[in-house]
Amino acid sequence: MIRPLLIARLFRRSVRIQRKRMTLTIMAVAWGTIAIVLLLSFGEGLKRSMDTGRKGLGSGILVLWPGQTEKAYAGFPQGRSLHFLPEDPRLLEKSIPEIEAISGEMIRWGTQLVVGRTVLNKKLTGVEPIFGDLRAHVPEPGGRFLNELDQRQKRRVIFLGTELKKDLFGEEPAEGKRVLVNGAPFTVVGVMREKRQMGMYGGPDEDHAAIPLSTFQALFGDPYLDDMVVKPRDPNRAEHVKRRINEVLGAKYRFDPEDSRAVRVWDTIENARTFLKVMFGIEIFLGIIGGLTLLIGGIGVANIMYAVVKQRTQAIGVQMALGAFRSDVMGPIVLEAVVITCVGGAVGIAAGWGIVQGLGFVQGHVESPAMEFIGRPTFSLPIAGVTVLILGMTGLLAGYFPSRRAASVQPAEALRHE
Amino acid sequence: MFARKNGNGGAAGTNGFLIELAGIRKVYRTGALDVEALRGIDLAVRGNEFIAVVGPSGSGKSTLMNILGCLDTPTEGSYLLRGEEVARFSPDRLAETRNRHVGFVFQNFNLLPQITAYENVEMPLLFRGTGARERRERVERLFEQVALLDRMKHRPTELSGGQMQRVAIARALACDPDIILADEPTGNLDSGSGRDIVHLFEELWTGGRTILLITHDESIAKRTRRIVQLQDGKVVSDEMT
Chain A
1 MIRPLLIARL
11 FRRSVRIQRK
21 RMTLTIMAVA
31 WGTIAIVLLL
41 SFGEGLKRSM
51 DTGRKGLGSG
61 ILVLWPGQTE
71 KAYAGFPQGR
81 SLHFLPEDPR
91 LLEKSIPEIE
101 AISGEMIRWG
111 TQLVVGRTVL
121 NKKLTGVEPI
131 FGDLRAHVPE
141 PGGRFLNELD
151 QRQKRRVIFL
161 GTELKKDLFG
171 EEPAEGKRVL
181 VNGAPFTVVG
191 VMREKRQMGM
201 YGGPDEDHAA
211 IPLSTFQALF
221 GDPYLDDMVV
231 KPRDPNRAEH
241 VKRRINEVLG
251 AKYRFDPEDS
261 RAVRVWDTIE
271 NARTFLKVMF
281 GIEIFLGIIG
291 GLTLLIGGIG
301 VANIMYAVVK
311 QRTQAIGVQM
321 ALGAFRSDVM
331 GPIVLEAVVI
341 TCVGGAVGIA
351 AGWGIVQGLG
361 FVQGHVESPA
371 MEFIGRPTFS
381 LPIAGVTVLI
391 LGMTGLLAGY
401 FPSRRAASVQ
411 PAEALRHE
Chain B
419 MFARKNGNGG
429 AAGTNGFLIE
439 LAGIRKVYRT
449 GALDVEALRG
459 IDLAVRGNEF
469 IAVVGPSGSG
479 KSTLMNILGC
489 LDTPTEGSYL
499 LRGEEVARFS
509 PDRLAETRNR
519 HVGFVFQNFN
529 LLPQITAYEN
539 VEMPLLFRGT
549 GARERRERVE
559 RLFEQVALLD
569 RMKHRPTELS
579 GGQMQRVAIA
589 RALACDPDII
599 LADEPTGNLD
609 SGSGRDIVHL
619 FEELWTGGRT
629 ILLITHDESI
639 AKRTRRIVQL
649 QDGKVVSDEM
659 T
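Shown next, in the form of structure tokens:
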């Protein structure tokens, strides 16, 4: 039989008697909670920061480079170099319906770009309009990426990377202005919005300029594509798309579809999966560290509750002699442990949340690459949920076992206890 | 002034006895050694008796009191309290029995030091589930009876030994028990306070209460109406005085 009102009354009495001890225990739990909240928030922040960085390259894409055959095939020897032709993207698009979008890309290093007296040698890339979506080249307001008309009419238009624009134009707006590319005048149609990019080939996007592929061909006369960027409709079908690409190109260029070196593929989808697993691992790791810290707090609570039971053995004996039920003895102890963990947990979560907000505020006002990379610690609902769950379990366990010892006190013996 | 509310001596068993012990044995197992504290006790108590249990230390007096007070269960034998077999009670039922039918007075008072005298006396009523107003009335009346109304809000540590024992007696009376068990109630008191306490017990007895005292003190034993002498866990004499 459990009498909640009586238990609450006995609990209040015990709080009154040992306020100081309770306060200290609550602080211990709060400390553990702050640790777990901060660790999880930093983990989440790091994950989000890495995630945006990863998406800077573009999400769910495959990048294809021509390689060398590894196997002899159809009379051709091994070690033959392949080249992608500008029409290959159309062929793949037509043959493989699972491809959502594809763009060819030609690259020239050290192309001379001139604005007024500023002369720079930078990477110039010739791409199809869809490249902007595939590779996250989002224009700043007031500008645009290259479009179909540019491509069809071989227009002399140019899209600038964020840093490159700053180097050429400073803080002035660049849209509509003129840039000389190897002496030929180009009009700036857009500037890339600032982005964080972790995955890259051939340098960061913020430092290059893009022009229509057709213009690029006309200007430089390059016969081959440097690479192709492919986005499958369904990321889960990426393996199938990769196999089909090998089959289609293998039929055209006469190489074995099983040849893994003929077309080199960077599968960012696979990378993303691995990345998410690693991040999940890191989060679990941080969670475990936080959990262990909290566990120490919990053991502290349990330890104190054991000490309380031992110290109160005689009092428990007296209560039993006066007619206390087992639940009257256990209840206040369990309640005490639960209240200590709940209050400590609430204080800890509030303090942790405050610290996270404070750090976010500081980061918003201090420019530091390290801070940016660590990411803004983020307090999310699942974090609060996990913390509360661990706290609740800790509280119950920390109260239950000592209270069982209290209830197993033999009144006759306890009364002799001094 | 100390009369029981509900008649004389409380409800008794089928044959008029409040307590009937038959062949009670108690064996303590301490490691390899078994200690037989009680070796077959037969004892019957009617309502409104005033009994002293005497005997040398180690004779089993305290064990007997623990069993009578339902703080401990016998290893063997039958204990009928108000005609009910206590040995078969669950721990919670035993707690309820102690609460309603037994009042304890200890040599070392066993008051809880961190709460006031008032709260100490109130405690059995809390466990009984008595309502707030009745509790207050009852506790105040009890303090009036033991003449400590002005000490209600004091902590036990702020009271003299005699006062503490009077608080303990008030607590024992709180739930209007059938029997008061007192284990060396004057053992820690000076002779003056001891005399007061014994006098209080006499008044309770004349008021209709059943009291069982455990004592070393011959002079106190002589003031009761029946002396039960224990030796080596057995009753060696049981005489009316």
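Here the protein sequences come in this chain order: A and B. When we follow the numbering used here, the leftmost residue of the first sequence carries the number 1, and every step to the right adds one. When we follow the numbering used here, the leftmost residue of the second sequence carries the number 419, and every step to the right adds one. Every residue, glycine too, gets a C-beta built ideally from N, C-alpha and C. Just so you know, these numbers come straight off a predicted model, no measurement behind them.
For E576/B, the number of other beta carbons within 10 angstroms of its own is below 16, and it is reported as exposed.
From the beta-carbon of I333/A, no residue of chain B is found nearer than 9 Å; the closest lies around 16 Å away.
In the DSSP annotation of this structure, the continuous segment of the beta strand (DSSP E) that includes N121/A starts and ends at 118-127. When the Cα atoms are used, V520/B and P4/A turn out to be separated by approximately 25 Å. Taking the Cα positions, F159/A is about 33 Å away from R244/A. Annotation note: the segment 231-296 of chain A contains the following uninterrupted alpha helix (DSSP H) runs of length 4 or greater, listed N- to C-terminal: 238-253. I597/B does not reach chain A, its nearest Cβ partner there being about 14 Å away, counting only Cβ pairs nearer than 8 Å. By the Cβ criterion, the segment 272-282 of chain A is not in contact with the segment 122-134 of chain A, since fewer than three pairs of Cβ atoms, one from each stretch, lie closer than 8 Å. For Q532/B, the chain A residues whose C-beta falls within less than 7 Å of its own C-beta are I17, listed in chain order. Within chain A, L415 have C-beta atoms less than 7 Å from the C-beta of F524/B, given in sequence order. Taking the beta carbon of P411/A as reference, the chain B residues within 7 Å of it are L489, listed in sequence order.
For the pair V278/A and G358/A, the Cα-to-Cα distance works out to about 28 Å. Taking a C-beta distance under 9 Å as the contact criterion, G385/A and T341/A do not qualify as a contact pair. Within chain B, N528, L530 have C-beta atoms less than 7 Å from the C-beta of V318/A, given in sequence order. Within the segment 610-636 of chain B, not one residue has a Cβ closer than 9 Å to any Cβ of chain A. Three or more beta-carbon pairs drawn from the segment 220-237 of chain A and the segment 78-97 of chain A are found closer than 8 Å, and the two stretches are therefore classed as touching. Apart from sequence neighbours up to five positions away, the residues of its chain that approach Q78/A with a beta-carbon distance below 7 Å are T69, E70, K71, A72, ordered along the chain. When only Cα atoms are considered, K479/B and L436/B end up about 19 Å apart.
With its beta carbon less than 9 Å from one in chain A, F545/B belongs to the interface. Counting of Cβ neighbours within 10 angstroms places Q319/A among the buried residues, the total reaching 16 or more. Shortest Cα-Cα distance from N303/A to any of D234/A, A324/A, G395/A involves G395/A. At least one CB of chain B lies nearer than 9 Å to the CB of L6/A.
Taking a C-beta distance under 9 Å as the contact criterion, K652/B and R447/B do not qualify as a contact pair. Annotation for K154/A: S214, T215, A218 place their beta carbon closer than 6 Å to its own, counting only its chain and skipping 5 residues before and after. Among the residues of chain B, those whose CB is under 8 Å from the CB of M1/A are D510, following chain order. Annotated as proximal: V388/A and I349/A, with beta-carbon spacing under 9 Å.
By the rule that beta-carbons nearer than 9 Å mark a contact, E494/B does not touch chain A. For S496/B, the uninterrupted beta strand (DSSP E) run begins and ends at 494-499, by DSSP. Under the Cβ distance rule, G395/A does not count among the residues neighbouring chain B, no pair being separated by less than 9 Å.
Here the alpha carbons of R627/B and E552/B stand approximately 22 Å from one another. Annotation: M582/B to L381/A spans about 56 Å, alpha carbon to alpha carbon.
The C-beta distance from L57/A to R117/A rounds to 34 Å, too long to meet the 8 Å contact threshold. When G142/A, D150/A, W109/A are compared, the shortest CA-CA separation from E128/A is found for D150/A. Just so you know, the alpha carbons of L599/B and M483/B end up roughly 7 Å apart. At a cut-off of 9 Å, the C-beta of A321/A has a neighbouring C-beta in chain B.
Proximity of chain B to F285/A at the Cβ level (cut-off 9 Å) is not reached, the minimal Cβ distance being about 45 Å.
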